[in-house]
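Residue numbers (my numbering), protein chains in the order written: chain A, 41 to 146; chain B, 13 to 179.
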């Protein structure tokens with residue numbers, strides 16, 4: 041029997057993978073992909089809670105699904121701007137490696 | 013039946029999600045991410061969120077991943093050469109992620125509703141595209157318009173960022 045906890049644990053594992061990717065990897069594009077993984081982990085737990093809170097008419101709670109819709113939209117905008125910054129950076133420095141970009145490093 | 017599907021696609025999603033951060037070749041990472049997102053879309057469908065599942069396939073596996081692959085090909089990134097790995101930073105990152113995972117699991121373990129099964133939905137199932145559309149253009153009309161402005165600003169920002177300097 042699949043319970044809410046199963047979905048929350050799967051979502052937690054996916055979030056941890058994304059977090060580890062952001063912390064460990066040094067390629068900006070891979071870091072952006074790991075950010076997407078974290079956003080999707082949040083979406084999965086939101087949809088699981090939406091399915092769990094069934095209202096008296098027998099419909100899932102659609103407010104959470106609207107929230108997921110907004111998250112997906114903002115993620116799409118974020119990826120577009122992020123990748124444009126990566127392209128501009130690559131044109132300037134010929135690298136996508138975060139350790140080569142140290143201008144603002146103290 | 014649906015619990016078998018849950019295990020298959022949850023494992024697929026986590027396995028390919030791990031492949032995203034393990035692969036050295038950016039193209040392989042991007043393709044692993046597509047498989048991970050498709051498995052996640054199946055999990056959404058298993059949770060009876062058909063609209064979100066379709067949006068996931070269209071927006072993530074379609075648009076966003078094509079953008080990633082396009083940029084990787086445009087920049088012509090080679091598989092990363094093995095640089096001197098900063099072991100302290102990597103071990104620190106994995107340790108922090110591990111602590112985060114333990115924290116999440118302990119919270120889920122203490123949550124009493126986490127052990128309850130999902131309550132049944134009404135039969136026949138309600139039309140979720142219609143319900144979401146009514147909510148989106150009714151209660152959530154203002155956020156919907158604001159998100160439209162966000163997309164517009166992002167579009168203008170991308171055009172400005174990718175313009176060649178002509179000074």
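C-beta: ideal position from N, C-alpha, C; glycine also.
All of these numbers come straight from a predicted model, not from anything done at the bench.
In terms of Cα proximity to residue 175 of chain B, the closest of A:124, A:49, A:139 and A:105 is A:124. Under a criterion of Cβ atoms nearer than 7 Å, the residues of chain B adjacent to residue 130 of chain A are, in order, 87.
For residue 75 of chain A, no Cβ of chain B is located within less than 8 Å of the residue's own Cβ.
When beta bridges are read from the DSSP output, residue 43 of chain A appears opposite B:129. Residue environment for residue 140 of chain B: buried (at least 16 other C-beta atoms within 10 angstroms of its C-beta). Leaving aside the five residues that flank residue 55 of chain B on each side, the residues in its chain whose CB is nearer than 6 Å to its CB run, in chain order, 21. Pairing residue 54 of chain A with residue 168 of chain B gives a Cβ-Cβ distance that is not under 8 Å. Annotation: Cβ neighbours of residue 126 of chain A in chain B (cutoff 8 Å, chain order): 83 and 87. Neighbourhood of residue 32 of chain B in chain A, by CB distance below 8 Å: 57, 61, 70, 73, 74 and 77, in chain order. When secondary structure is reduced to three states using DSSP, residue 67 of chain A falls in the strand class.
The beta carbon of residue 62 of chain B does not come within 8 Å of any beta carbon belonging to chain A, so the residue lies off that interface.
Proximity of chain B to residue 136 of chain A at the Cβ level (cut-off 9 Å) is accounted for by 38, 87 and 89, in chain order. Looking at the backbone, the Cα of residue 17 of chain B and that of residue 142 of chain A are separated by about 47 Å.
Residue nearest to residue 78 of chain B within the set A:68, A:97, A:56 and A:116 is A:116 (criterion: CA-CA distance).
Distances from the alpha-carbon of residue 62 of chain B to those of B:172, B:159 and B:142 put B:142 closest. In terms of beta-carbon proximity, residue 80 of chain B lines the interface with chain A, with at least one pair separated by less than 8 Å. In this chain, the alpha helix (DSSP H) harbouring residue 155 of chain B covers 153-174. For the 8 Å CB-CB criterion, residue 70 of chain A and residue 83 of chain B do not form a contact.
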